[in-house]
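Trainee: Following this message is one structure expressed as structure tokens.
In this note's numbering, the protein residues as written are 403 to 524.
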């Protein structure tokens, strides 16, 4: 059995919320991505589906390191080694970026409004 191409383990991305006024201190956190884990095997395709604002884009951007994660691991298989993308510098990430990408899909062009979600996915 082959090894996963991508392993995401306990991925978190939190954004600080700041108060109003002169001090503008942090008053809370928005947990945009909270404990996401999955394995992606070679040849598989992953689609993130959910309501607007549920963290799909933030999850993708955090996996690809367009955003730095708050916590977790993103292990990418490159040849015979697993590389933790969360620990790489921008310079170390650059050659790996040619092997990964996010593809956004226009829902109006791809989903038939006359079909149920179950019919479309199933």
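Backbone N, C-alpha and C fix where the C-beta goes; we use that ideal spot for every residue, glycine too.
In this text, all values refer to a predicted model and were calculated from it rather than measured experimentally.
Closer than 8 Å is the cut-off here; do at least three beta carbon pairs connect the region 426-443 with the region 404-413?
Mentor: Contact holds: three or more Cβ-Cβ distances are below 8 Å.
Trainee: How about the region 462-478 and the region 495-505: do they share at least three Cβ pairs that are nearer than 8 Å?
Mentor: In short, these stretches touch, since the Cβ pair count reaches three.
Trainee: Does chain C have any CB closer than 8 Å to the CB of residue 520?
Mentor: Absent from the structure: chain C. Only one protein chain is present.
Trainee: When the Cα atoms are used, what is the spatial distance from residue 471 to residue 463?
Mentor: Whole-angstrom Cα-Cα distance: 9 Å.
Trainee: Is it buried or exposed for residue 474, if we count other Cβ within 10 angstroms and need 16 for buried?
Mentor: Buried.
Trainee: Can you name the residues that DSSP bridges to residue 484?
Mentor: Paired residues: 479.
Trainee: Anyone know if the C-beta pair for residue 486 and residue 495 falls short of 8 Å?
Mentor: No, Cβ-Cβ distance for residue 486 and residue 495 is not below 8 Å.
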